[in-house]
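As numbered in UniProt numbering, residues 1 to 169 make up the sequence shown, in order. All C-beta atoms, glycine included, are put in the ideal place defined by N, C-alpha and C. Note that the coordinates shown come from a computational prediction; the quantities given were computed from them, not determined experimentally. Everything on this sheet refers to the single structure shown next.
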Amino acid sequence: MTHITLAKGDITTQHVDAIVNAANSSLMGGGGVDGAIHRRGGPEILAECRALRASQYGRGLPTGQAVATTAGELPARWVIHTVGPVWSASEDRSEALASCYRESLCVADELGARTVAFPAISTGIYGWPMDDGARIAVRTVREADTSVAEVRFVLFDDAAYRAFADAVR
Ligand code: ADP
């Protein structure tokens with residue numbers, strides 16, 4: 001059974017086996033959590049991302065998929081990059097968001113990671129409503145078939161923390 005825990009704060013400081021990056025498909029860095037990970041993790045992560053683009057993902061990492069790099073100077077061992085969907089009012093993209101959590105856990109299993117920290121994927125620049133994003137995140141992790149022992153949701157502010165606390169209840 002995967003144990004779900006919640007923490008408030010910055011995902012880059014987490015002492016876990018792997019942290020998940022809410023990346024964009026270019027894998028070349030960006031704002032929000034992505035920017036923080038590359039800033040604190042140093043250039044090694046970006047160099048690995050470039051190599052992944054050159055070898056496997058010439059057209060970018062598709063939405064809903066996940067891929068790992070090492071974590072540079074971060075306390076974690078690996079960064080698992082996943083691309084969340086941009087929120088849409090006219091199209092239901094929840095399956096793509098659920099896929100980010102599922103595929104990240106699948107990559108974590110391949111790595112042998114036992115503790116994994118997730119941000120609230122898509123709820124920043126990509127505009128997903130926090131309450132709904134939290135429900136999808138918690139439900140998907142609960143239903144996942146994974147050997148990961150702890151999933152820690154790392155929430156950046158009080159509103160995000162409350163949304164996840166409601167979702168786990
Ligand atoms: P997306 O493009 O998938 O929306 P963002 O990085 O813009 O990704 O935001 C995802 C969530 O991560 C938002 O709720 C945002 O507040 C939060 N966030 C931003 N920086 C950090 C950080 N350093 N640690 C944890 N969460 C963060």
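Taking its Cβ as the centre, do 16 or more other Cβ atoms sit within 10 Å of M130, making it buried, or is it exposed?
buried
What I want to know is whether the C-beta of residue 185 ends up closer than 7 Å to one or more non-hydrogen atoms of ligand 1.
Since the first residue of the chain shown is 1 and the last is 169, residue 185 is not available in this structure.
What residue range is occupied by the uninterrupted alpha helix (DSSP H) comprising H38?
32-41
May I ask you to report which of helix, strand or coil DSSP gives residue 185?
The first residue shown for the chain is 1 and the last is 169, placing residue 185 beyond what the model contains.
Taking 7 Å as the line, does the beta carbon of A96 fall inside it for any heavy atom of ligand 1?
For A96, the shortest separation between its Cβ and any heavy atom of ligand 1 does not lie below 7 Å.
Could you pull the start and end residues of the beta strand (DSSP E) that A18 belongs to?
18-23
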